[in-house]
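Protein chains in written order, with the working numbering: chain D, 1 to 151; chain H, 1 to 151.
Working notes for the structure below.
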DNA sequence: GCAAATAGTTGTATTATACAACTATGAAAC
DNA sequence: GTTTCATAGTTGTATAATACAACTATTTGC
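Right, here's the structure in full:
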């Protein structure tokens, strides 16, 4: 069971955050592009939720994409403090191309799963991840258990 | 499918590499303690394999544990260049305590999985991880596909 | 015995990440 | 309407993991 978690950690490293996937875009950056693309625009606050990182990190992760001209940051209509992200034309192009590349990657994974079991595998993963997340939250709340947890 | 991978990345972050789990030990550090504990001693080269990181990183990850007196580094008998790691008494104690803490964490996860499906869930995860790893290796080898992969 | 390979360490640079501090703005209280 | 408190997002700063490069001492191959 512990080995599952360790293996998960390692496996995810093959999709390294800082490793360029395609078109000079990392997987994480694609996630950002995709999130913006889905809604045609995206509040920074929403991106903050999507990425599940600190606000400062959200800003920093979006900045290279803005610098590259794939995304533009605009003022939000409802709140002058808030920013809205949109894809540029180039951003849409790059998003589409990376998506194609990613699709073949994902197909490659799927092709290796037994055909009748794919849905079950995905469901199982989701169930496990939900359990992992929940157990972690409970851990943080429980504070000191029967051990000398320094948290 | 992509959302699975993204969720995996996020979930694994709840077992943050640098986040203290118990007894001032991170999960990754526990992995090291456990690896050393299992063989009573462990070559640095083996630890290098276990952690699947660069040799320099292996050294750096082991060093805090040595500094803390949980692990000692000795010369290997078969090769003066090589080092062997052993647990100290304190290291064994800490390993045992963290393991207990970890066990209840793992139990907490298991308890949330439907009882009859646990084995299937774990098998599914392993299958998926294998596929993910393989697809990544193929990707690195394929070089340029039909897109402008800059790798 | 000599050349090539290697174990592991150290130097260095990069990246992600969070906490702290900050400014301008919005919301709540009066 | 005014004042106080909360907040969006940015910037400063520090930490940790990570890999590549360079290095030294040792081992291996010829």
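Virtual Cβ for every residue (Gly too), placed ideally from N, Cα, C.
* With 16 other Cβ atoms within 10 Å as the buried cut-off, status of residue 93 of chain D -> As a working mapping, residue 93 of chain D is identified with position 93 in the first chain. Residue 93 of chain D should be labelled exposed.
* Asked: Should residue 57 of chain D be flagged as near chain H, meaning a C-beta pair shorter than 8 Å?
  -> For this step, residue 57 of chain D is matched to residue 57 along the first chain. Not a single C-beta of chain H is nearer than 8 Å to the C-beta of residue 57 of chain D.
* To do: Between the Cα of residue 48 of chain D and those of D:38, D:40, D:60, D:68, spot the shortest distance and give me the residue it belongs to.
  => As a position in the first chain, residue 48 of chain D is number 48, starting the count at 1. The candidate whose alpha carbon is nearest that of residue 48 of chain D is D:60.
* Who pairs with residue 83 of chain D in a beta bridge, going by DSSP? -> Locating residue 83 of chain D in the first chain gives position 83, counting from the first residue. Paired residue(s): D:75.
* Asked: How would you list, in chain order, the residues of chain H whose beta-carbon sits under 9 Å from the beta-carbon of residue 134 of chain D?
  -> By 1-based counting over the first chain, the position of residue 134 of chain D is 134. Chain H residues near residue 134 of chain D: 108, 109, 112.
* To do: Evaluate the contact criterion for the segment 85-101 of chain D versus the segment 20-38 of chain D: three or more CB pairs, one atom per stretch, below 8 Å.
  => Segments in contact, yes.
* **Simplified DSSP state of residue 63 of chain D, which is helix, strand or coil** => The count along the first chain starts at 1 and reaches residue 63 of chain D at position 63. The three-state secondary structure of residue 63 of chain D, taken from DSSP, is helix.
* **Bridge partners - residue 22 of chain H, DSSP secondary structure assignment** => Start at 1 with the first residue of the second chain, and residue 22 of chain H comes out as number 22. Looking at the DSSP assignment, residue 22 of chain H forms a beta bridge with H:25.
* Taking only beta-carbon atoms, is residue 139 of chain D less than 8 Å away from chain H? -> As a working mapping, residue 139 of chain D is identified with position 139 in the first chain. Chain H contact via Cβ: present.
* When DSSP labels each residue in this structure, what does residue 113 of chain H get in the three-state scheme? -> To locate residue 113 of chain H, count along the second chain from 1; it is residue 113. Residue 113 of chain H: coil per DSSP, three-state reduction.
* Asked: Secondary structure at residue 42 of chain D, three-state DSSP: helix, strand or coil?
  -> Here residue 42 of chain D is taken as the residue at index 42 of the first chain, counted from 1. If DSSP states are grouped into helix, strand and coil, residue 42 of chain D belongs with the strands.
* Asked: What did DSSP end up calling residue 138 of chain D once you bin it into helix, strand or coil?
  -> For the purposes of this step, residue 138 of chain D is taken as the residue at position 138 of the first chain. Three-state result, residue 138 of chain D: helix.
* To do: Below 8 Å CB to CB, which residues in the same chain sit around residue 7 of chain H once its five sequence neighbours on both sides are set aside?
  => Position 7 of the second chain, counted from the first residue, corresponds to residue 7 of chain H. Cβ within range, chain order: n/a, list empty.
* Asked: Under 8 Å Cβ-Cβ, which residues of chain H neighbour residue 52 of chain D?
  -> Within the first chain, numbered from 1, the residue matching residue 52 of chain D stands at position 52. Per Cβ cutoff of 8 Å: 10, 13.
* How is residue 69 of chain H classed by DSSP in three states: helix, strand or coil? -> In the second chain, the residue the question calls residue 69 of chain H occupies position 69. Residue 69 of chain H: coil per DSSP, three-state reduction.
* Please look up how many angstroms separate the CB atoms of residue 124 of chain H and residue 12 of chain D, rounded, as I've assumed it's under 8 Å. => Taking the first residue of the second chain as 1, we reach residue 124 of chain H at position 124. Taking the first residue of the first chain as 1, we reach residue 12 of chain D at position 12. Not quite, the Cβ-Cβ distance comes to about 16 Å (not below 8 Å), so this is no contact.
* Asked: Helix, strand or coil: how does DSSP classify residue 88 of chain D here?
  -> Along the first chain, one-based indexing puts residue 88 of chain D at 88. Note: residue 88 of chain D maps to coil in three-state DSSP.
* **Three-state secondary structure assigned by DSSP to residue 54 of chain D** => As a first step, residue 54 of chain D is located in the first chain; it is residue number 54 there, counting from the start. Residue 54 of chain D falls in the coil class under three-state DSSP.
* **Residue burial classification, residue 56 of chain H (beta-carbon count within 10 angstroms, cutoff 16)** => As a working note, residue 56 of chain H is residue 56 in the second chain. Exposed, since its Cβ has fewer than 16 Cβ neighbours within 10 Å.
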